[in-house]
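S.K.:
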Amino acid sequence: MSGDTRFERKLPTILADLGAGPYPDYADSLLARTAATRQRPGWTFIERWFPMSALAERMATVPRFPLRAAVVVALIILAIVAVALSAGGRQRRLPAPFGPATNGAITYSDAGDIFAGDPLTGTSRLLVGGPEKDFGPGFSPDGSRLAFWREAGADLRLFVANEDGSDPREIASLPADPLPWANWAPDSRNLAVIRAADDGTNQLDLVDATDSGSVRTVAKAAGMDFVQYRPPDGREILYRALVDGKWGLFAMNADGTNPRTIIEPTVPGEMDMSFQGAVYTPDGARIFYQHGDATGCCQLWVVNADGGDAHSFVPEDDPGWSGQPAVSPDGQRIAYRWNANNEPGLGLAVARVDGTGPVIRSGPEAGDWWAGAPDSSKILRVTEDSGAHATLLDPDGGPSTTVPWSSEPDLDWQRIAAP
Amino acid sequence: VTVDQRWLVERAREGDHDAFAELVRASVARLDAAARLILRDGELARDAVQEGLFRAWRDLRSLREPDRFDAWVYRLTVNACLDLARRRRRRPMEVEIVEIHELFASNLPDPADAVADRELVDAVMRRLDEQGRSIIVLHYFLGLPISEVATTLGIPAGTVKSRLNRALGEMRSEAHASAPTPSLASGGTVA
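The following block contains the structure:
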């Protein structure tokens, strides 16, 4: 037997030994608890549990193309604006790269292909098919281009296509381990890509999506695993980084110059969810982020973009876990993950950005991530289950609807200009 | 899934608590071991398993396919573990100190190399975060295929593969570098 397979073959037995213990003595008390608890009626489940065989692989540990925050690495491509030629040869009007826009199609991946669905008509169409495993689609801020990842052995290849999926072309190939991260730059011409650098730091590159791959390295920083462009002009970049083993929140000019501190690096490195998925408000004035300190992580905090007035966003009487913020494009609502003390699971809360509310507070079975519709009329909530149907929530707490197609949990909403 | 288990799930889904109790008694030891491996803490593992099984009872009517009961309960329990781990980060907590020879005490005598194998697996598991340990446990201990591990944890299959490969690589490296005499594992304080 080769050394390479030795542990793989022995692991089940070794793990059984390591986890061995006496027969749990709490089964009876658990059953007494369940016996006193009524089951939830079937109709209360908006989405029933879908077969796990319906493949839905996704990146959960880092922000993806849409608004996503979570543990260590991932990808996503956020959308904004719109450009392209109309059928008659006229140039299509484009939305500004930040702020509200008209809702376009929702792109998603399912079983290795990329689709676009219309939540109004319920129809969907194939954008990128074929035997390859494609995932993580995201429209450019102007809605004219589509980026997605393709698995290729030990590598991930970053592709860009037209918004209808035509003319797909590879613009970068990166090792899948550690996972790279990518997001559109506000100009819709470049993709910001973070990869591991040779010196142990992470490297932010700007990859030209229009001419097949010119790459410009913008910055390097230990621990940097996402960036956020600051509205309204995208001239600044927000990122987190490790300095002497401590997490802090930083900003720099979009060309990598003038790095500056937003929040001093004082959070111990093991609190590795601190600052993850920090987001600007659409006016660029404030930053919502996951606050951590030496005692733990995370709670949702907000700070001025210059680093002033950092304070907890979630009321003090609700000191449970909270984070993963997504601000609606109109800047009126914020959706975030929460759980109150002693409550199991993590739910979805929606509040007004001035701190009043909450408007919505779901139970612990909420979806894994969410993003605001371009026109802020809905919150797109994606469940953790593969092959599930995303839900469109009313940010004012009204009835929700479910999109008619199932998908992997990688969805992104196209932004187009108002008519 | 046996016919009996499927019948029990269907009965439990209809509200038959005795049927649910049978399902619990058949699975609780395995779930407890899985949670202990992930959380490295017996008390937290107990909380996670209870939470996972409680949710299973409460939400059983959301389970569309009775044949998926085991995988579903694994998912609920592992997610409960990860939720507890997130909350654990909010405060320092003593990790249960379990010495390896105690864990092995109930087993037949082990040859030295088997003890060494377990020690290095234990050491590598300690270095992984909860999600990393969940991947190992779901795949190698609970026997889920990589695609279902990915779905359960909400991460791509490529990530599962890479993290498995990395952990196995560490085990191989440790095996090559390990001293001939194994030492006792010890616990510590984590935040």
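If you read the sequences in order, they're chains E and V.
All the letters of the first sequence, read from the start, carry residue numbers 1 to 419 under this note's numbering.
All the letters of the second sequence, read from the start, carry residue numbers 1001 to 1191 under this note's numbering.
Glycine included, every Cβ here is placed at the ideal spot set by N, Cα and C.
Nothing here was measured: the structure is a model prediction, and the numbers come from that model.
(1) According to a CB-to-CB cut-off of less than 9 Å, which residues of the segment 1066 to 1077 of chain V neighbour chain E?
(2) Return yes when at least one heavy atom of the ligand MG lies under 7 Å from the C-beta of E/Ala-16, else no.
(3) Could you tell me whether any Cβ in chain E is nearer than 8 Å to the Cβ of V/Gln-1050?
(4) Whose C-beta lies closer than 6 Å to the C-beta of E/Asn-360 among residues of the same chain, with five residues either side of it excluded?
(5) Evaluate E/Ser-406 with the Cβ neighbour count: other Cβ atoms within 10 Å of its Cβ, from every protein chain shown; 16 or more gives buried, anything less gives exposed.
(6) Assuming V/Trp-1057 is part of the alpha helix (DSSP H), what are its boundary residues?
(7) Between the Cα of E/Pro-175 and the Cα atoms of E/Pro-12, E/Ser-166, E/Ile-194, E/Val-215, which residue gives the shortest distance?
(8) Along the chain, which unbroken stretches of the alpha helix (DSSP H) at least 4 residues long are found entirely within the segment 1108 to 1172 of chain V?
(9) Would you be able to state if there are at least three C-beta pairs under 8 Å between the segment 231 to 244 of chain E and the segment 89 to 105 of chain E?
(10) May I ask you to report which of helix, strand or coil DSSP gives E/Ala-371?
(11) Residues in the same chain with beta-carbon distance under 8 Å from V/Trp-1072, minus the five sequence neighbours each way, listed in chain order, please.
(12) Is the shortest distance between the beta-carbon of E/Gln-39 and the beta-carbons of chain B less than 8 Å?
(13) Closer than 8 Å, Cβ to Cβ, to anything on chain V: give me those residues from the segment 11 to 23 of chain E, in chain order.
(14) If we count the other Cβ atoms within 10 Å of its Cβ and call it buried at 16 or more, is E/Tyr-23 buried or exposed?
(15) For E/Asn-339, does the three-state DSSP call read helix, strand or coil?
(16) Mark V/Glu-1043 as exposed unless 16 or more other C-beta atoms lie within 10 angstroms of its C-beta, in which case mark it buried.
(17) What number of angstroms, rounded off, separates the C-alpha of E/Cys-297 from the C-alpha of V/Ala-1085?
(18) So the candidates are E/Glu-132, E/Pro-131, E/Gly-117; which of them puts its Cα closest to the Cα of E/Arg-125?
(19) Listed from N- to C-terminal order along the chain, which residues in the segment 116 to 147 of chain E have their beta-carbon within a distance smaller than 8 Å of any beta-carbon of chain V?
(20) So within the segment 197 to 242 of chain E, which uninterrupted alpha helix (DSSP H) runs reach at least 4 residues, ignoring any that extend past its ends?
(21) Rounding to the nearest angstrom, what Cα-Cα distance links E/Leu-158 and E/Gly-112 in this structure?
(22) Rank E/Gln-39, E/Ala-32, E/Thr-13, E/Ala-35 by C-alpha distance to the C-alpha of V/Arg-1030 and give the top, closest one.
(23) At a CB-CB cut-off below 8 Å, which residues of chain E make contact with V/Ala-1034?
(24) Since V/Ala-1029 meets chain E, which of its residues come closer than 7 Å, beta carbon to beta carbon?
(25) Could you check whether the Cβ of V/Val-1137 sits closer than 8 Å to any Cβ belonging to chain E?
(26) Taking E/Gly-21 and V/Arg-1036 to be in contact with their CB atoms under 8 Å, please state how far apart those CB atoms are, rounded to whole angstroms.
(27) Tell me which residue opens and which closes the alpha helix (DSSP H) that V/Asp-1004 is part of.
M.R.: According to the data block:
(1) Answer in chain order: Arg-1068, Ala-1071, Trp-1072, Arg-1075.
(2) With respect to the ligand MG, the structure shown offers nothing to examine, as it has no ligands at all.
(3) Position 50 of the second sequence holds residue 1050 of chain V. Chain E contact via Cβ: present.
(4) Start at 1 with the first residue of the first sequence, and residue 360 of chain E comes out as number 360. Note on identity: in this sequence residue 360 of chain E is Ile, with Asn being the wrong assignment. Only Val-350, Gly-397 meet the Cβ criterion.
(5) The sequence position of residue 406 of chain E within the first sequence is 406, counting from 1. Per the 10 Å Cβ criterion, buried.
(6) Against the second sequence, residue 1057 of chain V aligns to sequence position 57. Under the DSSP assignment, V/Trp-1057 falls in the alpha helix (DSSP H) whose first and last residues are 1042 to 1058.
(7) By one-based count along the first sequence, residue 175 of chain E stands at place 175. Checking every option, the nearest Cα to that of E/Pro-175 belongs to E/Ile-194.
(8) Entirely contained in the segment 1108 to 1172 of chain V, the alpha helix (DSSP H) runs reaching 4 residues are, in chain order, 1112 to 1127, 1130 to 1136, 1146 to 1153.
(9) With a cut-off of 8 Å, the segment 231 to 244 of chain E and the segment 89 to 105 of chain E count as touching, because enough Cβ pairs lie within range.
(10) To locate residue 371 of chain E, count along the first sequence from 1; it is residue 371. E/Ala-371 falls in the strand class under three-state DSSP.
(11) Within the second sequence, the letter at position 72 stands for residue 1072 of chain V. If we look at V/Trp-1072 and ignore the five residues flanking it on each side, its Cβ neighbours are Ala-1056, Leu-1063.
(12) The structure shown contains no chain B; the protein chains it does contain are E and V.
(13) Along the segment 11 to 23 of chain E, the positions whose C-beta sits under 8 Å from a C-beta of chain V are Leu-11, Pro-12, Ile-14, Leu-15, Ala-16, Asp-17, Leu-18, Gly-19, Ala-20, Gly-21, Tyr-23, read in chain order.
(14) As a position in the first sequence, residue 23 of chain E is number 23, starting the count at 1. Exposed, because fewer than 16 other Cβ atoms sit within 10 Å of the Cβ of E/Tyr-23.
(15) The sequence position of residue 339 of chain E within the first sequence is 339, counting from 1. Here DSSP, grouped into helix, strand and coil, assigns E/Asn-339 to coil.
(16) By 1-based counting over the second sequence, the position of residue 1043 of chain V is 43. Exposed, because fewer than 16 other Cβ atoms sit within 10 Å of the Cβ of V/Glu-1043.
(17) Within the first sequence, numbered from 1, the residue matching residue 297 of chain E stands at position 297. Within the second sequence, numbered from 1, the residue matching residue 1085 of chain V stands at position 85. Their backbone Cα atoms lie some 11 Å apart in a straight line.
(18) One-based indexing of the first sequence puts residue 125 of chain E at position 125. Checked all of E/Glu-132, E/Pro-131, E/Gly-117; the closest Cα to E/Arg-125 is E/Gly-117.
(19) For the segment 116 to 147 of chain E, which is checked against every Cβ of chain V, the residues closer than 8 Å are Phe-135.
(20) Counting whole runs of 4 or more residues, the segment 197 to 242 of chain E contains no alpha helix (DSSP H) stretch at all.
(21) Looking up residue 158 of chain E in the first sequence gives position 158. Looking up residue 112 of chain E in the first sequence gives position 112. A direct Cα-to-Cα measurement between E/Leu-158 and E/Gly-112 gives close to 14 Å.
(22) Within the second sequence, the letter at position 30 stands for residue 1030 of chain V. In terms of Cα proximity to V/Arg-1030, the closest of E/Gln-39, E/Ala-32, E/Thr-13, E/Ala-35 is E/Thr-13.
(23) Here residue 1034 of chain V refers to the residue found at position 34 when the second sequence is read from its first residue. Here the neighbours are Gly-19.
(24) By 1-based counting over the second sequence, the position of residue 1029 of chain V is 29. Simply Tyr-23, Pro-24.
(25) Counting from one through the second sequence, the residue named residue 1137 of chain V turns up at place 137. Chain E contact via Cβ: present.
(26) Here residue 21 of chain E corresponds to residue number 21 of the first sequence, with the count starting at 1. Here residue 1036 of chain V corresponds to residue number 36 of the second sequence, with the count starting at 1. Indeed, because the Cβ distance is near 6 Å, the residues count as touching under 8 Å.
(27) In the second sequence, the residue the question calls residue 1004 of chain V occupies position 4. It spans 1003 to 1013 - the alpha helix (DSSP H) in which V/Asp-1004 sits, taken as one unbroken run.
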